[in-house]
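Shown next, in structure tokens, is the structure this report addresses.
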Amino acid sequence: MNRITVIALNTFRETLRDKILYNLVFFGLLLIGSSILLSTLTIGEQVKIIEDIGLASINLFGVIIAIFVGIGLVSKEIEKRTIFTIIAKPVPRYLFLLGKYSGLALTLLVNVGIMAAGFFLTILVSKAGLHLALLKAIGLIFMELLVITAVAVMFSTFTTPTLSATFTLAIYVIGHLTDDLKVLGAKMGESLTKTILDGLYYLLPNLDYFNVKGQAVHGLPIEPSYLVSAATYGIAYSTMLLILACLIFQRRDFK
Amino acid sequence: MSLTAPMSALVATGLLLVGGLHLLQVRIDEQRAVTPKLQRFMYLPQGEYLRGAVLGYEQVVADLLWIQAIQAMGERKVTEEAGHWIYRALDVITTLDPKFVRVYEAGGIALVTLVVLPEESNRILEKGIQHNPDYWALPFLLGFNYYFELHDDAKAADYIARASRLPGAPEYLAGFATRLYASAREPQVAIDFLARMYEQTSDENVRQVLERRLKEVVVERDLQLLEEAISRYRALYKRAPERLEDLVRPGLLRALPREPFGGRYLYDQQTQVVRSSEMKERLKVYEKRRQR
């Protein structure tokens with residue numbers, strides 16, 4: 005267990021040295037702050053616009069960070085040959101991978117935390133009320149980021165960073181559209197196509213589960229039981245991806 | 116030394132380009148201005164498709180479109196064509212974010228004040244009621260449309276009554292509905308209606324339109340009061356009053372009404388016609404609603 009923590013903390017320190025990270029967080033905060041400016045252009049509903057932009061910025065920049073830092077984690081080690089020094093030690097490969105993932109998850113947690121702090125500050129400055137629903141929405145956004153990071157790490161165990169980024173981005177887009185697969189399948193009637201579509205629906209991550217931004221902003225109830233189900237889904241899906249990643253990584257031959 | 120010459124040439128070219136680019140940008144902006152801002156909503160895909168394409172960012176996209184739509188609504192003259200584009204934008208925005216009640220509310224008002232498109236306004240409001248059945252202002256506005264624009268008092272009363280039963284509805288709505296059911300054809304009903312609308316609206320353009328309309332109806336109410344007093348004066352003294360002030364002394368009027376536009380009420384003893392110094396014509400159609 006201790007070995008994972010060492011690798012995780014090391015990964016965390018490593019990602020903090022990444023300049024792209026600071027740029028992204030900076031732009032995220034800038035966008036959140038600019039919502040005050042934008043909200044002056046509307047009639048009423050300033051609070052809604054500030055909250056919408058804040059949540060969307062945290063989500064969008066979180067996803068970009070998860071993808072672009074996630075894809076480089078493993079491949080960079082292979083490229084720089086630093087992976088040999090770790091593989092040579094008595095560290096199983098799966099521990100290495102899990103450590104890397106945990107480190108990035110920690111980085112994301114800190115980033116989301118910073119952006120959330122900026123968001124809450126913006127809300128306070130604009131004299132709108134803070135409410136718990138916003139925190140629930142941010143919590144589920146973090147769950148989405150965990151799944152996306154797992155996707156990015158999984159791809160990065162067997163392909164180049166560019167391809168991993170493309171694949172992960174594709175999964176992100178598809179993940180928000182899987183509901184359509186189900187609708188499409190339902191229209192097909194009992195057939196092979198329906199079976200395939202249904203199979204795809206259950207295989208691909210349904211990232212829309214983690215989207216409660218609208219409910220949070222409009223003050224609609226978000227049931228605790230829903231939060232638990234969605235979070236469990238996120239953790240289970242990420243774990244599945246990580247197991248897959250470990251299996252692939254175990255067989256990988258470093259040249 | 117030999118390096119300075121090419122360097123300064125480079126800098127000069129750079130500066131020239133900066134200036135040139137600025138001029139070019141100004142020129143392109145002028146060319147683009149030929150297409151009115153609102154018409155760009157033409158390229159907006161249907162709400163249902165856009166909903167899928169924005170990957171979970173429906174609210175933010177709806178906000179940005181709404182801000183653009185407001186800017187377009189703020190233009191000094193909104194043509195009927197522009198009104199149709201506004202309707203299209205509102206429809207897309209509310210498909211993206213069906214709980215965005217402010218859009219139905221402000222949009223529903225704008226579509227009957229800045230332009231006269233009561234059918235479109237009704238459609239937006241009905242869509243709003245469908246998605247937000249507990250929000251009283253939407254059936255209230257629908258009632259407004261049926262009363263002022265479509266002249267259907269029964270339907271208007273139905274919607275106002277419906278609004279009055281919803282949480283947060285002001286208490287006067289119930290009495291309002293009753294009076295509408297009685298089809299009270301008196302300017303006071305219209306004044307009440309417009310005054311409530313005015314209180315509800317925060318858009319400056321719409322407020323101006325409503326304020327003007329409100330004053331016109333007040334003038335109409337005052338003129339009807341004065342005419343009534345004049346006929347009672349004649350019944351009493353068998354002659355026409357010389358001045359409007361004559362009506363106050365025998366107690367036919369408590370005081371002379373104040374002209375809301377800041378002018379005066381003028382009276383012609385020969386024809387016994389009263390009119391406002393500020394309004395050329397009286398309101399027609401049953402004397403208080405907008406003529407279609």
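Chains as they are written, first to last, in this note's numbering: chain A, 5 to 259; chain B, 116 to 407. Cβ atoms here follow ideal geometry from the backbone N, Cα and C, with glycine treated the same way. These numbers come from a predicted model, not from an experiment.
For residue i, the first and last residue of its enclosing alpha helix (DSSP H)
{"i": "residue 229/A", "result": "228-255"}
{"i": "residue 243/B", "result": "233-246"}
{"i": "residue 79/A", "result": "76-83"}
{"i": "residue 137/B", "result": "119-148"}
{"i": "residue 198/B", "result": "195-211"}
{"i": "residue 129/A", "result": "97-129"}
{"i": "residue 34/A", "result": "23-43"}
{"i": "residue 223/B", "result": "216-228"}
{"i": "residue 260/A", "result": "The requested residue 260/A does not occur in the structure, where chain A is confined to residues 5 to 259."}
{"i": "residue 219/A", "result": "217-222"}
{"i": "residue 88/A", "result": "87-91"}
{"i": "residue 163/B", "result": "162-168"}
Neighbour list for residue i in chain A, Cβ cutoff strictly below 7 angstroms
{"i": "residue 167/B", "result": "181, 184"}
{"i": "residue 175/B", "result": "56, 57, 60"}
{"i": "residue 283/B", "result": "Ordered by position in chain A, no residue passes the 7 angstroms Cβ test against residue 283/B, which lies about 14 angstroms from the chain."}
{"i": "residue 249/B", "result": "Under the 7 angstroms cutoff, chain A gives no residues; its nearest Cβ is about 12 angstroms from residue 249/B."}
Neighbour list for residue i in chain B, Cβ cutoff strictly below 9 angstroms
{"i": "residue 42/A", "result": "178, 179, 182"}
{"i": "residue 177/A", "result": "170"}
Endpoints, beta strand (DSSP E) assigned at residue i
{"i": "residue 390/B", "result": "388-391"}
{"i": "residue 380/B", "result": "380-383"}
Burial state of residue i, where buried means 16 or more other Cβ atoms lie within 10 Å
{"i": "residue 159/A", "result": "buried"}
{"i": "residue 91/A", "result": "exposed"}
{"i": "residue 3/A", "result": "Absent from the model: residue 3/A. The displayed extent of chain A is 5 to 259, so no value can be given."}
{"i": "residue 2/A", "result": "Look at the range of chain A in this structure, 5 to 259, and you will see that residue 2/A is not part of it."}
{"i": "residue 188/B", "result": "buried"}
{"i": "residue 238/A", "result": "buried"}
{"i": "residue 136/A", "result": "exposed"}
{"i": "residue 236/B", "result": "buried"}
{"i": "residue 215/B", "result": "buried"}
{"i": "residue 137/B", "result": "exposed"}
{"i": "residue 255/B", "result": "buried"}
{"i": "residue 327/B", "result": "exposed"}
{"i": "residue 119/A", "result": "buried"}
{"i": "residue 140/B", "result": "exposed"}
{"i": "residue 184/A", "result": "exposed"}
{"i": "residue 161/A", "result": "buried"}
{"i": "residue 217/A", "result": "buried"}
Under 7 angstroms by beta carbon: chain B residues contacting residue i
{"i": "residue 318/A", "result": "This structure leaves residue 318/A out entirely; chain A is present only between 5 and 259."}
8 angstroms Cβ cut-off: residues of chain A touching residue i
{"i": "residue 265/B", "result": "What residue 265/B touches in chain A: nothing, since even the nearest Cβ is about 26 angstroms away."}
{"i": "residue 214/B", "result": "218, 222, 224"}
Coil, strand or helix - residue i by DSSP
{"i": "residue 369/B", "result": "coil"}
{"i": "residue 355/B", "result": "coil"}
{"i": "residue 267/B", "result": "coil"}
{"i": "residue 175/B", "result": "helix"}
{"i": "residue 144/A", "result": "helix"}
{"i": "residue 186/B", "result": "helix"}
{"i": "residue 302/B", "result": "helix"}
{"i": "residue 155/B", "result": "helix"}
{"i": "residue 192/B", "result": "coil"}
{"i": "residue 168/A", "result": "helix"}
{"i": "residue 4/A", "result": "Chain A is shown only over 5 to 259; residue 4/A falls outside these bounds and no answer can be derived."}
{"i": "residue 134/A", "result": "coil"}
{"i": "residue 401/B", "result": "Reliability of the predicted coordinates at residue 401/B is poor, the pLDDT of 41 falling under 50, and the value obtained from them is presented with this limitation in mind. Residue 401/B falls in the coil class under three-state DSSP."}
{"i": "residue 377/B", "result": "coil"}
{"i": "residue 254/B", "result": "helix"}
{"i": "residue 394/B", "result": "coil"}
{"i": "residue 65/A", "result": "helix"}
{"i": "residue 286/B", "result": "coil"}
{"i": "residue 210/A", "result": "coil"}
{"i": "residue 249/B", "result": "coil"}
{"i": "residue 311/B", "result": "helix"}
{"i": "residue 203/A", "result": "helix"}
Residue i: contacting residues in chain B (beta-carbon distance under 8 angstroms)
{"i": "residue 221/A", "result": "174"}
{"i": "residue 212/A", "result": "171"}
{"i": "residue 215/A", "result": "171"}
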